[in-house]
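>
Number of protein chains: 4
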Amino acid sequence: MIVVLKPQASKEEIEKIVLRLKNDGMDVQVNTGVECTVLGVLGDTVHYDSATLELNANVDKVMRVSEPFKKANRKFHPNDTVISVGNAKIGGNKIAVFAGPCSVESEEQIVSVAQDVKNAGASILRGGAFKPRTSPYSFQGMEFEGLELLMEAREKTGLPIISEIMSPKHVEIFDKEVDIIQVGARNMQNFDLLKELGKTKKPILLKRGLSSTIEEWLMSAEYIMAGGNENVMLCERGIRTFETYTRNTLDLSAIPAVKKLSHLPIIVDPSHATGLRWMVLPLAMSAVAAGADGIMIEVHNDPEHAKCDGAQSVTPSMFKEIMEKLSPVAKACGREI
Amino acid sequence: MIVVLKPQASKEEIEKIVLRLKNDGMDVQVNTGVECTVLGVLGDTVHYDSATLELNANVDKVMRVSEPFKKANRKFHPNDTVISVGNAKIGGNKIAVFAGPCSVESEEQIVSVAQDVKNAGASILRGGAFKPRTSPYSFQGMEFEGLELLMEAREKTGLPIISEIMSPKHVEIFDKEVDIIQVGARNMQNFDLLKELGKTKKPILLKRGLSSTIEEWLMSAEYIMAGGNENVMLCERGIRTFETYTRNTLDLSAIPAVKKLSHLPIIVDPSHATGLRWMVLPLAMSAVAAGADGIMIEVHNDPEHAKCDGAQSVTPSMFKEIMEKLSPVAKACGREI
Amino acid sequence: MIVVLKPQASKEEIEKIVLRLKNDGMDVQVNTGVECTVLGVLGDTVHYDSATLELNANVDKVMRVSEPFKKANRKFHPNDTVISVGNAKIGGNKIAVFAGPCSVESEEQIVSVAQDVKNAGASILRGGAFKPRTSPYSFQGMEFEGLELLMEAREKTGLPIISEIMSPKHVEIFDKEVDIIQVGARNMQNFDLLKELGKTKKPILLKRGLSSTIEEWLMSAEYIMAGGNENVMLCERGIRTFETYTRNTLDLSAIPAVKKLSHLPIIVDPSHATGLRWMVLPLAMSAVAAGADGIMIEVHNDPEHAKCDGAQSVTPSMFKEIMEKLSPVAKACGREI
Amino acid sequence: MIVVLKPQASKEEIEKIVLRLKNDGMDVQVNTGVECTVLGVLGDTVHYDSATLELNANVDKVMRVSEPFKKANRKFHPNDTVISVGNAKIGGNKIAVFAGPCSVESEEQIVSVAQDVKNAGASILRGGAFKPRTSPYSFQGMEFEGLELLMEAREKTGLPIISEIMSPKHVEIFDKEVDIIQVGARNMQNFDLLKELGKTKKPILLKRGLSSTIEEWLMSAEYIMAGGNENVMLCERGIRTFETYTRNTLDLSAIPAVKKLSHLPIIVDPSHATGLRWMVLPLAMSAVAAGADGIMIEVHNDPEHAKCDGAQSVTPSMFKEIMEKLSPVAKACGREI
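Residue numbers (the working numbering), protein chains in the order written: chain S, 7 to 343; chain B, 7 to 343; chain U, 7 to 343; chain R, 7 to 343.
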């Protein structure tokens, strides 16, 4: 951490600041310049709340040099994290494919989609039981019944299941019944929920918030990890920008960025990012080429009558074609799918 | 709702769509053009999930004509909502002033700030007990102890109190102990929490999400209102943009927009919007002139040693000066403060 | 400027970097720490291209401490700049009002609007002759004929005129014929045009680009000033964000920011910022309360048949009402209008 | 175009609007509903300025159904445009590679880089002679001398050359001397420049503006095409968002979007988009997999001492490696590079 003091800071004031930092357990190097004094601060700056320093009338700027996250940081954990879920491994050489409908609607629907995506090569079945909807008047999901149907589809196909959690009240049941717990974009900074999930050992898929920076996203992963659960995978699903042609703007540069900053696996969800099913294929290919560890795709047996997000869902036969086209791209990048 | 069909849509396909809409309880007017057919759809479109229509291969565009919110809509509730909290009224001619520290830190601190802001003319005391922090390693608030100190400050000053809720688990205690429950920007679309708050009758202050449109914000108010609690006030606190000079970009055009679209009171928080305390005065004046029903200002007795957001906190004497300067602006706009 | 070196940087490498900086005319203070070395760099960093330093494999971060603009910087020019245009002064205690139609359409139109806005208290007549339109098929302005009609309206009313320049080819004629040359948002970084304008002595109104930071905006002012023309005023007209309710998002925090960073006058254009004429009054009041030195308002005698931007234009009688309501707000802020 | 009238619109008012539209050459279908009347407007809506309609007090909303661009529109030109430049073809099955330094700095530099990129498989040499720099104090390019050195490098290698134009004054010389004229992001809506370029027949590479929507970008292409020059290729180079880890956010969903909306070729520039040279490889691979027709990469023989944008430049040997890795990805997508 670099602390730039104001030109007018007196010797006494500087000493007070240095003393305060030392009392807080930091090492301080004072660099007295002609125009201003600069402090080099070393120590456990990850756990240090630097904002309080900026309040001092003699401080001009506080600039962090190291990242504020630790457990999610590749510096302290150089090897890629690989998370095992049933037979699937997320984060290794094989690209994981999460597929299934936006929301579970009936036994017939979820079982049929599960079989189709399994046959086409998907490794994990997704399905929403509790749905975060902008309008209170939209379909809110089948809730517990949806979870049960999802479990049934798992039994019939052997695919591990992932579903989105909406409330800390549900952590216990999700921990017991699903294989991966999804935290949606709107809850990325629902810190109460993150803390509860940190107490479990269940793999967590943490979606990036609509207006969250990569650093904030990793800080939310850190919340879960700091609680004791290091089984976190990240999911880029588009950020909010001025462009309205796509629902959100898929930020594929987040893949190499996350790979550099962190050891956690990163998944890409082109369905939610664009909201347009004809964009799923080119952007899934693009995500694989950029180095994604997994792809999440919405598949519905009857998108036109889907209760939620049908416009972005592909049919099972389209999904099969996507899988066929992803395979050579994965190989060209030295990976499998 | 206007449904534009694709040029190639056959008569049979059009009839199917019309039938579906009618079965869903809508009135449909078919407008057969030379190039394409346009359907005018009337009925309870607020409760209708139009996204499903877009999946139909014969539908080109679905355009909503009316707003998707109802209880928050000025059309159905032309008069301004005025919410009474203790002696304060929010939404009337008098501009309410919410003041206090970012977080409650000690009895001495909160009682002293409470007395100072009361003397300077504040109507409501704010203070955080549970704090949403980006980092798990930052101070997370005094929690229940903080709530109790806040209650003590209320007892000593008579000021009603507002504090932020972080979890649905705390709805009961907040409902019992605080006068206004604040929902923070990061929880604006924590729908589980909104539903729980809809079951109370407690006034709710709903902050705008960092990347939420005005419509999404009103839809979140609608969640609370649809549950039965119509005591909702909105709070603009800056949106996330590319500009980094200020922490967020205060969107004051949201004031006339909300006033036109809704009957709910709107408060402005220049402290969080800018993150810079020297901007609080000009932007508070600006907010009053734009028609805000209230102003929320962070006040701390010792900002340099504040445990949270000190850089944006004003001292009690600065707050007094702000109040003195707001008064003539309010009068110039035909209001009081 | 602070240069943080990488932990592995060898003594020799550090010496090379220091030497390079010294050769470039800088003073360098070396701060050797336990973990890394930090260089404090002093000198004419405004004119120094720090990006080249970041390429060095031993450099971790380069952090600027001082602003990259000099002539526009309040540090080196503490007093407010006041620009005289005819009888009007821009930047002093009196708030300047720029009013007139988006585009000049006929002699009758521009003369009639000019007389109306003059009577209501406007100080400067605006009118577009060359129009920057998104579509090549939209009305592109009356061009030179429009300029002549504007000059005629000046003759009849005595109001100084401002008009937007679109091409460096027109600098000579604009310099000769108009009183203030406007650079539109889309041309804020048309550096070729800025350089040409720097060669004149004509007052320039520089609109903020749709996605320009405050710093970039001041750097564009610096382009004009570095060329020798210090008569620059800035105009905030909304930035592009995700919100679509208003055409752009008016960033009123730019007013106190510019006032702190620079000595140049700042004008606010609520008409272009919002695109909605019913928002002009509250946001003009808001801008005045935030400390704007001027307001620019689109006024058209027949907005419904305007050839351009009618939706945001107020009528002369609405303009009169706006002026009447701005006056007490200006007074409440210790200013006149 | 759909025009939704307000519920209170009288029969006479509606007739007036219909008459006005018919006078403007439109076909109008009146759809009289119970709540409101909707007009379906057909005809040359591309050339129609619908904004004027919104001013009418009886009009609620005007919604465009068709795109406002025509010559750039795939609807009217279903086949991909292929642009020939020397031996290179841009827009066909072979992916074009534009490579070279940000700015031309010396004969030695540009000739050596040109030979290296040619040997590695580049099809076009890029090099800036006139540089758009945020600061007037930064290196502004070698200008005409730079152009001449670029021509020399072409002579020595046979590679066609592309360079950025900054001023309409230079159209004649660029038209004569370079093979492709680049319009930079900051000039995407410099309509005066676009019009001048529309008068030539020279291939134009039009970069997307930092905050331009895909539609606005295509409208800028339309400006050039409407002038008579249909040799336009588009270049995605990142948009401005709240994320600061990368310089801009590369929007790869723009590739399938442009492919659907237009027949023009689309190039991707990962160097400028990210500003980080270690991101060039993964994002170039990603762009190819998303369907880009070309890739633009900054290559410098000595990035550490580059006069401009060195941090994003790769060395010739890194470029060679990139080309080797792009080849199998292109093949996996059924293309060549």
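Beta carbons: idealized from backbone N, C-alpha and C, even for Gly. All values derive from a computational prediction rather than experimental measurement.
(1) Residues of chain U with a CB under 7 Å from the CB of S277(R): which are they?
(2) What is the residue span of the alpha helix (DSSP H) that N125(B) lies within?
(3) Kindly indicate if chain S contains any beta-carbon less than 7 Å away from that of V64(B).
(4) Where DSSP assigns a beta bridge to K67(R), which residues make up the other side?
(5) Report the residue from W284(U), K124(U), E73(U) whose alpha carbon sits nearest the alpha carbon of A263(U).
(6) How about R246(U) and A279(U): are their beta carbons less than 7 Å apart?
(7) Counting only runs of 3+ residues fully inside the segment 231–270 of chain B, write out the beta strand (DSSP E) ranges in chain order.
(8) A191(B) by DSSP, collapsed to three states: which one?
(9) Please state the DSSP three-state secondary structure of D33(S).
(10) Please check the pair I167(R) and G133(R), which I expect to be a contact at CB under 8 Å, by giving their CB distance rounded to whole angstroms.
(11) Going by the CB atoms, is the gap between M157(B) and E183(B) shorter than 7 Å?
(12) Using the Cβ count rule (16 or more neighbours within 10 Å means buried), how would you classify L267(B)?
(13) With 16 as the cutoff for other CB atoms within 10 Å, does E18(S) come out buried or exposed?
(14) Taking the alpha carbon of F104(R) as the reference point, which residue from I8(R), K337(R), M302(R), I187(R) has its own alpha carbon closest?
(15) Report buried or exposed for W223(U), applying the criterion of at least 16 other Cβ atoms within 10 angstroms of its Cβ.
(16) Between I187(B) and I171(B), is the Cβ-Cβ spacing less than 7 Å?
(17) Based on Cα-Cα distance, which residue from E327(R), E304(R), K326(R) lies nearest to G316(R)?
(18) Just reading off the beta strand (DSSP E) that K201(S) is part of, what are its end residues?
(19) Could you give the residue range of the alpha helix (DSSP H) that holds G300(R)?
(20) Where does F325(S) fall in DSSP's three states?
(21) Have a look at T140(U), S169(U), V123(U) and flag the residue whose alpha-carbon is nearest the alpha-carbon of F325(U).
(22) Could you work out which residues of chain S lie near T58(R), taking near to mean beta carbons separated by less than 7 Å?
(23) Who are the Cβ neighbours of G6(B) in its own chain at under 8 Å, not counting the five residues just before and after it?
(24) State yes or no: is the C-beta of N29(B) within less than 7 Å of the C-beta of E310(S)?
(25) Give me, in chain order, the residues of the same chain whose beta-carbon lies closer than 7 Å to that of S292(S); leave out the 5 immediate sequence neighbours on both sides.
(26) Does DSSP classify F3(S) as helix, strand or coil?
(27) Nearest by alpha-carbon distance to A102(U): which of E249(U), D299(U), M329(U) is it?
(28) Apart from the five residues just before and just after G127(R), which ones in its own chain have a Cβ nearer than 6 Å to its Cβ?
(29) What's the call for G31(S), buried or exposed, on a 16-neighbour Cβ count within 10 Å?
(30) For the segment 228–249 of chain S, list every residue whose C-beta sits within 7 Å of some C-beta in chain R, in sequence order.
(31) Cβ of G316(B) less than 7 Å from any chain S Cβ?
(32) Would you mind stating whether V286(S) and V320(S) have Cβ atoms separated by less than 7 Å?
(33) Short check: CB of N37(B) to CB of N37(R), under 7 Å?
(34) Mind reading off the beta-carbon distance from V10(R) to D66(R)? Whole number of angstroms is fine, and I expect it under 8 Å.
(35) Please compile the residues from chain U whose C-beta is within a distance smaller than 8 Å of the C-beta of M148(R).
(36) So for G164(U), helix, strand or coil by DSSP?
Let's see:
(1) Mapped onto the fourth sequence, residue 277(R) falls at position 271. Those within 7 Å of S277(R) in chain U number zero; the least Cβ separation is about 13 Å.
(2) To locate residue 125(B), count along the second sequence from 1; it is residue 119. Run containing N125(B): 113–126, per the alpha helix (DSSP H) assignment.
(3) Sequence index remark: in the second sequence, residue 64(B) carries index 58 (1-based). In the sequence as displayed, the identity of residue 64(B) is Asn instead of Val. Judged by the 7 Å Cβ criterion, N64(B) is not in contact with chain S.
(4) Within the fourth sequence, numbered from 1, the residue matching residue 67(R) stands at position 61. Partner(s): V10(R).
(5) What you label residue 263(U) is simply residue 257 of the third sequence in a count that begins at 1. Shortest Cα-Cα distance from A263(U) to any of W284(U), K124(U), E73(U) involves E73(U).
(6) Within the third sequence, residue 246(U) is the residue found at index 240, counting from 1. Within the third sequence, residue 279(U) is the residue found at index 273, counting from 1. Their beta carbons are not under 7 Å apart, which means R246(U) does not touch A279(U) by this criterion.
(7) 238–242
(8) Here residue 191(B) corresponds to residue number 185 of the second sequence, with the count starting at 1. Secondary structure at A191(B): helix, using DSSP grouped into helix, strand and coil.
(9) Position 27 of the first sequence, counted from the first residue, corresponds to residue 33(S). It is a strand residue.
(10) The sequence position of residue 167(R) within the fourth sequence is 161, counting from 1. The sequence position of residue 133(R) within the fourth sequence is 127, counting from 1. That pair is a contact at about 7 Å.
(11) Taking the first residue of the second sequence as position 1, residue 183(B) is located at position 177. Taking the first residue of the second sequence as position 1, residue 157(B) is located at position 151. Cβ atoms of E183(B) and M157(B): closer than 7 Å.
(12) Position 261 of the second sequence, counted from the start, is the residue given in the question as residue 267(B). When all chains shown are included, L267(B) counts as buried.
(13) Within the first sequence, numbered from 1, the residue matching residue 18(S) stands at position 12. E18(S) is exposed by the Cβ-count criterion.
(14) Locating residue 104(R) in the fourth sequence gives position 98, where the first residue counts as 1. Residue M302(R) is the option with its Cα nearest to F104(R).
(15) Start at 1 with the first residue of the third sequence, and residue 223(U) comes out as number 217. The residue in question, W223(U), is buried, as its Cβ has 16 or more Cβ neighbours within 10 Å.
(16) In the second sequence, counting from the first residue as 1, residue 187(B) sits at position 181. In the second sequence, counting from the first residue as 1, residue 171(B) sits at position 165. Contact: yes.
(17) Taking the fourth sequence and counting its residues from 1, the one referred to as residue 316(R) is at position 310. Distance from the Cα of G316(R) is smallest, within the candidate group E327(R), E304(R), K326(R), for E304(R).
(18) The count along the first sequence starts at 1 and reaches residue 201(S) at position 195. According to the DSSP assignment, K201(S) belongs to no beta strand (DSSP E) but to the alpha helix (DSSP H) extending over 197–204.
(19) If you number the fourth sequence from 1, residue 300(R) lands on position 294. Here G300(R) belongs to no alpha helix (DSSP H); instead the beta strand (DSSP E) covers 300–304.
(20) For this step, residue 325(S) is matched to residue 319 along the first sequence. The answer is helix: DSSP assigns F325(S) an H, G or I state.
(21) One-based indexing of the third sequence puts residue 325(U) at position 319. Closest option to F325(U), Cα to Cα, is V123(U).
(22) Numbered from its first residue, the fourth sequence carries residue 58(R) at position 52. The contacting residues do not exist; T58(R) stays about 23 Å from chain S at best.
(23) Limits of chain B in this structure are 7 at one end and 343 at the other, which puts residue 6(B) out of reach.
(24) Residue mapping note: residue 29(B) aligns to position 23 of the second sequence, counting from 1. Residue mapping note: residue 310(S) aligns to position 304 of the first sequence, counting from 1. Cβ distance not < 7 Å, so N29(B) and E310(S) don't count as in contact.
(25) By one-based count along the first sequence, residue 292(S) stands at place 286. Only L258 meet the Cβ criterion.
(26) Nothing in the structure corresponds to residue 3(S), since chain S is present only between 7 and 343.
(27) Residue numbering aside, residue 102(U) sits at position 96 when the third sequence is read from its first letter. In terms of Cα proximity to A102(U), the closest of E249(U), D299(U), M329(U) is D299(U).
(28) Within the fourth sequence, residue 127(R) is the residue found at index 121, counting from 1. The residues are M329.
(29) Position 25 of the first sequence, counted from the first residue, corresponds to residue 31(S). Result: exposed.
(30) I245, T247, F248, E249
(31) As a working note, residue 316(B) is residue 310 in the second sequence. Closer than 7 Å: yes.
(32) On the first sequence, position 280 is the one that residue 286(S) refers to. On the first sequence, position 314 is the one that residue 320(S) refers to. Yes; because the gap between Cβ atoms is below 7 Å, this pair is in contact.
(33) To locate residue 37(B), count along the second sequence from 1; it is residue 31. To locate residue 37(R), count along the fourth sequence from 1; it is residue 31. In contact: N37(B) and N37(R) (Cβ atoms closer than 7 Å).
(34) Position 4 of the fourth sequence, counted from the first residue, corresponds to residue 10(R). Position 60 of the fourth sequence, counted from the first residue, corresponds to residue 66(R). Right, the Cβ-Cβ distance comes to about 5 Å (below 8 Å), so this counts as a contact.
(35) By 1-based counting over the fourth sequence, the position of residue 148(R) is 142. Ordered by position in chain U, no residue passes the 8 Å Cβ test against M148(R), which lies about 15 Å from the chain.
(36) Here the question's residue 164(U) lines up with position 158 in the third sequence. DSSP places G164(U) in coil when its eight states are reduced to three.
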